[in-house]
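Residue numbering for the sequence shown follows the numbering used here, beginning at 5 and increasing consecutively. Cβ coordinates follow ideal geometry from the N, Cα and C atoms, glycine included. None of these values were measured; they are calculated from a predicted model. Single-structure report; data block below.
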Amino acid sequence: MITQKTIQTIFETVKVEDVVGDFVKLTRRGVNYIGLCPFHNEKTPSFTVSPAKNIYKCFGCGEGGNAVNFIMDLEQLSYPEALRSLAKKYNIPIEEDELTAEQTAQLQLSDSLYVVNQFAKEHFQNQLFNTDYGKSVGLSYFKQRGFREETIKKFGLGFANGGANDLLQQGLHKGYEEAVLEKAGLTKNKRDFFRNRVQFPIHNVSGKVIGFGGRILTSNKKAPKYLNTPESDIYNKRKTLYGIYFARKAIVKMNECYMVEGYTDVISLHQAGIENIVASSGTSLTADQVRLVKRYAPNMTILYDGDKAGIKAALRGLDIVIEQDMNVKVVLLPEGEDPDSYLKKVGTTAFKEFIDREANDFILFKSNLLLKDAEHDPIKKSEVIKDIVGSIAKIPDALKRSVYVKECAQLMEMSEQLLHTEINKRIQSKAKKDYQQEQRKQVAQKKRASSSEFFDPYADMPPEEGMEAVPDYPQSQPKTNATGELAPRKKANEEFQELDIVRILINFGDRKLDENTSVAEFILLDMLDMIEEFDHATCTKVVHEYLTKLQANETVSTSYFTNHQDPAVAKLAVDLVASMQEHGFSEGWERLNVFLNTQELPEINHVADAKSSILRFKFKKIERLIRKNQLSLKEAQVAKNDTDMLICLKVNQKLLDIKKDLAKQMNTVVLR
């Protein structure tokens with residue numbers, strides 16, 4: 005188990021903007037950064053990173069947290085795995101406490117697929133560099149391709165020999181379970197999955213090996229030329245791009261990504277200094293792959309072989325790219341060439357110049373190509389026009405669409421108005437389908453949800469002084485269950501008051517109320533007798549933990565909670581910190597249903613805000629006690645227990661007096 009000292013060092017060292025910046029293209033806006041959220045598909049950036057608070061928050065989907073939360077959520081890692089990943093990034097030595105047998109087993113279980121893939125990579129590398137067969141067959145192949153040894157090692161290339169179960173036996177010898185090796189796609193039916201193939205490890209965005217691509221070197225017509233790892237819990241081919249780990253920083257720097265088809269194309273261009281390069285691994289581009297690129301840059305240039313198959317592949321992938329609102333160009337290489345061979349033929353400088361010179365905008369490329377084939381055939385030409393109209397209609401940006409209509413109208417010798425009409429038909433048809441799909445989804449959600457009411461934390465508060473209090477008629481008692489607990493709406497309203505208390509504790513608890521008292525001390529000591537009335541589980545944990553720290557004379561900063569090792573606490577803290585950033589984080593209080601009784605900025609108003617929040621919290625809890633006491637009174641009346649009835653009446657009077665006093669302090673009027 006990682007020691008607390010190491011965890012503290014990691015949190016003190018990591019910069020959230022650096023961690024997020026490895027995965028998302030960030031643009032500075034004031035003191036913060038913004039970018040497209042990696043957790044949901046969006047066109048307008050709503051993802052904000054605050055270096056000052058060391059947190060991130062998406063106001064589109066609600067995701068937020070610290071650097072560790074980001075790695076956990078994006079790469080689906082456990083808390084210890086995310087810590088180790090960041091420690092590796094920042095070269096922080098990890099100190100560990102001795103693990104129990106149970107902890108060791110759990111760690112092995114969660115890491116198993118990554119661990120066995122790393123073992124397989126090292127096994128294949130050993131076969132490549134340290135066996136005669138591997139050197140004569142595998143290493144010689146890579147060197148014939150022009151790969152230098154440092155490049156081979158950088159990409160982790162290896163060799164799987166012809167043994168039926170060589171990797172399986174080595175894995176079992178090292179203590180790995182056969183079931184895990186098979187689940188990772190390394191073995192099947194007690195035999196190695198890869199045999200007599202050079203191996204290309206496939207990495208995820210953080211550099212972990214998630215699978216392999218193996219190329220056969222013999223002329224066996226029955227065996228596929230390339231063999232990929234079967235999909236697993238950590239490897240999804242449609243969401244993976246070969247080389248993305250090695251390319252991501254260059255893509256951000258160049259603000260552009262080059263897309264090719266093969267592993268060797270990526271490695272050759274990377275070795276030549278063209279590092280913003282990835283491969284779709286021989287498959288047609290998917291929306292998930294395009295979104296992965298879009299995290300880093302909005303521009304993509306697709307490099308394809310200049311044969312007919314390459315041209316068709318280019319056309320298949322283009323609409324998917326523009327649908328994601330990316331700027332896409334196409335480069336067709338000379339006939340008979342692929343990126344690897346053409347680079348070797350002309351050299352790096354000439355290759356780059358060729359790309360710059362020959363890159364064609366996708367719409368114009370598609371229009372010119374298809375119109376040329378349909379030049380003297382009206383039927384074909386009408387089909388081509390429909391095809392191009394369909395592509396333009398998928399462009400999300402209206403201004404871009406208008407520019408393309410103008411260009412294509414000239415190419416097709418058609419009126420712009422007619423093209424606009426056809427495109428609008430396509431857009432409206434898609435919008436209708438999307439709307440119907442969304443309606444079906446909402447109906448399904450409503451069926452699953454128990455209630456969709458909006459909760460207003462002030463709905464049950466008394467009116468402000470000077471305003472007439474007019475109760476709704478007919479009057480009814482608050483809805484409670486048999487134990488006097490609130491109905492869901494009422495209960496949620498109370499929890500919002502608890503969130504308000506915790507918001508102030510996390511954001512301003514360490515500030516001074518006066519010379520001798522902090523805001524946290526004022527709040528917690530004032531409501532000490534009501535802490536057990538908290539309902540919200542995470543709020544309760546925060547309050548109890550804060551109280552323990554105060555009793556130990558420890559100062560608690562905001563970062564203590566935003567960096568908390570309990571993900572639920574950290575997430576709540578980030579949400580409540582983000583809610584305060586009215587100018588830095590554009591969302592207001594309403595996102596969390598937390599409201600102020602003042603128009604002053606929270607940073608200035610935290611003292612008055614703290615006092616007001618305590619009063620509101622107490623007011624709600626006293627109302628709850630009144631309701632519970634009223635139930636007890638009814639029970640005493642039914643049982644004709646005069647003694648209990650008298651006690652309940654006295655308690656009721658006392659509670660009403662307290663409620664009236666609280667209302668007076670809040671400058672409000674209470675109706676009895």
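Per the DSSP calculation, residue i is bridged to which residue(s)?
i	result
Asp365	Lys333
Asp196	Thr191
Lys737	Here the chain comprises residues numbered 5 to 676, so residue 737 is not present and cannot be evaluated.
Ser522	Lys516
Tyr37	Arg32 and Val53
His207	Val213
Leu307	Val335
Leu231	Gly218
Arg201	Ala164 and Ile220
Ala6	Checking the displayed sequence, the identity of residue 6 turns out to be Ile instead of Ala. Glu100.
In whole angstroms, give me the CA-to-CA distance for residue i and residue j.
i	j	result
Glu388	Ile214	Checking the sequence, you will find Val at residue 388 rather than Glu. Looking at the two C-alpha atoms, the distance is approximately 41 Å.
Met5	Glu100	5 Å
Ala463	Ala291	Any answer about Ala463 is weak, because its pLDDT of 41 lies below 50 and its placement is not dependable; what the coordinates show is given next. For Ala463 and Ala291, the distance between alpha carbons rounds to 44 Å.
Met416	Val332	21 Å
Asn232	Phe512	54 Å
Gln421	Arg295	32 Å
Tyr550	Ser563	13 Å
Tyr439	Lys445	10 Å
Asp665	Ile626	11 Å
Glu525	Thr566	20 Å
Leu289	Val28	20 Å
Leu171	Tyr230	19 Å
Pro343	Asp269	6 Å
Lys9	Phe15	10 Å
Arg515	Arg32	29 Å
Asn193	Asn169	10 Å
Thr13	Ile96	8 Å
Ser236	Pro205	15 Å
Pro400	His274	32 Å
Asn597	Phe63	Low per-residue confidence applies at Asn597: pLDDT is 46, beneath 50, and the placement is therefore not dependable, though the value from the model is reported in the following sentence. Between Asn597 and Phe63, the C-alpha separation is close to 14 Å.
Val447	Tyr118	40 Å
Met658	Ala643	Residue identity check: residue 658 is Lys in the sequence provided, not Met. Between Lys658 and Ala643, the C-alpha separation is close to 23 Å.
Lys125	Leu403	48 Å
Leu337	Ser345	10 Å
Asp77	Glu85	11 Å
Asp309	Ile315	7 Å
Leu81	Ala378	52 Å
Gln569	Val578	13 Å
Arg430	Lys47	20 Å
Val696	Lys178	Only positions 5 to 676 of the chain appear in this structure, which leaves residue 696 out of reach.
Considering only residues of the same chain and omitting the five flanking positions on each side of residue i, which have a CB-CB separation below 8 Å?
i	result
Asn656	Ile630, Asn633, Gln634 and Leu637
Lys348	Gly150 and Ser272
Met649	Leu637, Ala640 and Gln641
Asp323	Gly394, Ser395 and Lys398
Asp196	Ala164, Gly167, Ala168, Asn169, Asp170, Leu171, Leu172 and Leu190
Gln293	Arg242, Lys243, Thr244, Leu245 and Ser284
Tyr249	His207, Asn208, Val209, Ser210 and Gly211
Arg405	Ile396, Ala397, Ile399 and Ile427
Under 7 Å Cβ to Cβ from residue i, same chain only, skipping five residues before and after it: list those, please.
i	result
Ser419	Ala413
Glu426	Val393
Val24	Leu30, Val53, Tyr60 and Phe74
Thr7	Glu99, Glu100 and Asp101
Between residue i and the rest of its own chain, which residues show a CB-CB distance below 6 Å, the 5 nearest in sequence each way excluded?
i	result
Ile662	Ile626
Leu605	Low local confidence applies: a pLDDT of 48 at Leu605 is under 50, so the model's placement there is unreliable, with the coordinate-based value given in what follows. So no residue of the chain qualifies.
Asn645	none
Leu374	Val388
Gly175	Leu185
- Task: Would you check if the stretch 58-72 and the stretch 17-24 touch, i.e. whether three or more CB-CB distances between them fall below 8 Å?
- Result: Touching, yes.
Quiz item: Does the stretch 501-508 touch the stretch 541-549, meaning 3 or more C-beta pairs lie closer than 8 Å?
Solution: A contact exists between the stretch 541-549 and the stretch 501-508.
Check: Should the stretch 552-562 be regarded as contacting the stretch 32-48, the criterion being three or more beta carbon pairs within less than 8 Å?
Finding: Touching, no.
For this session: Count the C-beta pairs between the stretch 89-102 and the stretch 149-169 that are closer than 8 Å, then say yes if the count reaches three, no if not.
Result: Fewer than three pairs of CB atoms, one per stretch, sit closer than 8 Å, so the stretch 89-102 makes no contact with the stretch 149-169.
- Message: Give the list of continuous alpha helix (DSSP H) stretches no shorter than 4 residues that lie fully inside the stretch 242-304.
- Response: Those alpha helix (DSSP H) runs which fall completely within the stretch 242-304 and span 4+ residues are 248-258, 267-275 and 291-298.
Touching by the beta-carbon criterion (3+ pairs, under 8 Å), the stretch 378-397 and the stretch 345-364: These segments do not touch.
For this session: Can you check the stretch 97-182 for any alpha helix (DSSP H) of at least 4 residues that lies completely inside it and give the ranges in chain order?
Result: As far as the stretch 97-182 is concerned, its whole alpha helix (DSSP H) runs of at least 4 residues are 105-134, 144-148, 153-158 and 170-177.
Next on the checklist: Within 8 Å, do at least three Cβ pairs link the stretch 298-306 to the stretch 247-262?
Outcome noted: Short answer: they touch.
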